[in-house]
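Here is the structure we will look at.
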Amino acid sequence: AFDVVAAKEFLNQHLKRKYYLHCREWPYKDVQPRIYAEAYLCDLEQLAGLRDYKFFTFNGEPKLMYIASGRNYAAKEKTVVYADFYDMEFNHVDLCIDHDNAPVPPEKPENFEQMIACARKLAEGTKHLRVDFYEAGGRLYSGELTFFHCGGLQKFKTEEWDRRMGDWIDLQ
Numbered sequence: 003a004f005d006v007v008a009a010k011e012f013l014n015q016h017l018k019r020k021y022y023l024h025c026r027e028w029p030y031k032d033v034q035p036r037i038y039a040e041a042y043l044c045d046l047e048q049l050a051g052l053r054d055y056k057f058f059t060f061n062g063e064p065k066l067m068y069i070a071s072g073r074n075y076a077a078k079e080k081t082v083v084y085a086d087f088y089d090m091e092f093n094h095v096d097l098c099i100d101h102d103n104a105p106v107p108p109e110k111p112e113n114f115e116q117m118i119a120c121a122r123k124l125a126e127g128t129k130h131l132r133v134d135f136y137e138a139g140g141r142l143y144s145g146e147l148t149f150f151h152c153g154g155l156q157k158f159k160t161e162e163w164d165r166r167m168g169d170w171i172d173l174q
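Positions 3 to 174 (the numbering used here) are the ones given, in order, by the sequence shown.
If you want it as structure tokens, here you go:
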């Protein structure tokens with residue numbers, strides 16, 4: 003069922019995209035676009051797609067995580083994505099972005115403590131870094147590392163959370 007022609011067209015379009023121009027994320031300015039393939043991750047326990055665990059670190063310390071769930075890249079129709087925020091004790095936090103909370107809150111990831119430790123290690127020496135993970139078959143996989151959550155343009159609801167996260171950054 004894989005459409006090779008459509009896949010090549012899709013990839014060629016991405017090779018032409020200038021990522022720096024989209025949100026002015028300076029680390030991408032002189033990066034030559036490349037396509038690479040990695041092993042397909044799936045978890046039969048999560049039939050609606052893998053959950054994306056995104057840790058927001060400040061001065062090397064993980065402070066907040068959100069779980070993006072409901073993504074199903076294999077689905078033919080558009081899927082609903084949910085975002086649930088948690089503190090580092092896995093308490094649900096009343097914070098929203100442009101996605102609703104899941105109707106049933108996601109359970110704590112099996113490798114939660116390992117995710118925290120890895121996020122801390124990967125973010126060491128940075129003022130702010132978002133560190134993403136996936137969990138499949140009981141194993142932990144790294145996802146994206148970014149200095150710019152959603153290009154640095156996404157608003158957090160409420161203004162209190164915008165302020166709190168800004169206060170977590172030590173600019174000294």
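Built from N, CA and C at the ideal position, the CB exists for glycine as well. In this text the structure is predicted, and so the values were computed from the model without any measurement.
* contact_flag[the stretch 98-112, the stretch 19-30] where n(CB pairs < 8 Å) is 3 or more -> The stretch 98-112 is not in contact with the stretch 19-30.
* Asked: For Met117, which residues does DSSP report across the bridge?
  -> None, per the DSSP bridge assignment.
* Taking the alpha carbon of Tyr42 as the point to measure from, which residue in Asp5, Gly62 and Tyr136 has its own alpha carbon closest? -> Among Asp5, Gly62 and Tyr136, the Cα nearest to that of Tyr42 belongs to Tyr136.
* Count the CB pairs spanning the stretch 30-42 and the stretch 58-75 that are closer than 8 Å, and state whether there are at least three. => Not touching, per the Cβ criterion.
* Is DSSP giving His24 helix, strand or coil here? -> DSSP places His24 within a helical segment (H, G or I) once states are collapsed to three.
* Member of Glu126, Tyr30, Val133 and Asp164 whose CA lies at the smallest distance from the CA of Met117 -> The shortest Cα separation from Met117 among Glu126, Tyr30, Val133 and Asp164 belongs to Val133.
* Skipping 5 residues on each side, what residues in its chain have a beta carbon closer than 8 Å to that of Thr128? -> Spatial neighbours of Thr128 in its own chain (CB-CB distance under 8 Å, excluding positions within 5 residues in sequence) are listed in chain order as Thr59, Asn61, Gly62 and Phe149.
* Does DSSP classify Asp54 as helix, strand or coil? -> In the structure shown, Asp54 sits in a strand (DSSP, three-state: E or B).
* To do: Quick one: grab the DSSP three-state call for Arg36.
  => Assigned with DSSP and collapsed to three states, Arg36 falls in coil, not helix or strand.
* Whole angstroms is fine: what's the gap from Asp86's alpha carbon to Gln174's? => The alpha-carbon atoms of Asp86 and Gln174 are separated by roughly 31 Å.
* Pairwise C-alpha distance: Asp54 and Gly72 -> Answer to the nearest angstrom: the Cα atoms are 10 Å apart.
* Which one or two residues does DSSP pair with Cys98 in a beta bridge? -> Answer is Lys159, bridged to Cys98.
* To do: Using the Cα positions of Pro64 and Ala121, report the straight-line distance between them to the nearest angstrom.
  => Straight across, the Cα-Cα distance linking Pro64 with Ala121 is about 7 Å.
* **Val83, enclosing alpha helix (DSSP H) - first and last residue** => Counting along the chain, Val83 falls outside any alpha helix (DSSP H), and DSSP gives it neither H nor E.
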